[in-house]
Amino acid sequence: MSGLGKSRSKFGSYVDQKGIQHQELLRMKRVSTNVITKACNTSGTSLGDISKRILVEIVNELTGENKKVSDFW
1 MSGLGKSRSK
11 FGSYVDQKGI
21 QHQELLRMKR
31 VSTNVITKAC
41 NTSGTSLGDI
51 SKRILVEIVN
61 ELTGENKKVS
71 DFW
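Put into structure tokens, the structure is as follows:
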């Protein structure tokens, strides 16, 4: 747990660990605030496959790593 005591998903924990802020994800202009919030909280399992893929692509661009959707969901 981090921040306000909310549970975090694997994706949310990874984003926190890398120091990536939600604003950085939003700046990429490919996902909405709601999608990022769902992905970072434990309810992220309700996201569509396309949203998950886009989020992982954005994180890979920001970190220079080669993560896959299966690493988080």
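So in UniProt numbering, spot 30 of the sequence shown is number 30, and the numbers just go up one at a time.
No residue lacks a Cβ here, since even glycine has one placed at the ideal position from N, Cα and C.
Where the alpha helix (DSSP H) containing residue i begins and where it ends
i	result
V31	Element bounds for V31: n/a, residue is neither H nor E.
I50	D49 to T63
F11	K10 to K18
Cutoff 6 Å; reference residue i; Cβ partners in own chain excluding five residues on either side
i	result
G12	C40
I36	H22 and L25
Sequence-distant residues of the same chain with beta carbon closer than 7 Å to residue i, five excluded per side
i	result
T63	K18
S2	Low per-residue confidence applies at S2: pLDDT is 49, beneath 50, and the placement is therefore not dependable enough to give any value.
S32	none
N66	N60
Same chain only: Cβ atoms within 8 Å of residue i, ignoring 5 sequence neighbours per side
i	result
K10	D71, F72 and W73
K6	N41
Reference residue i; option with closest CA among the options
i	options	result
K29	V69, I54, G48 and Y14	I54
Proximity test, residue i beta-carbon vs the ligand HEM heavy atom, cut-off 7 Å
i	result
K18	In the structure on display, the ligand HEM does not appear, and there are no ligands present to speak of.
Counterpart residues of residue i in DSSP-defined beta bridges
i	result
N41	R8
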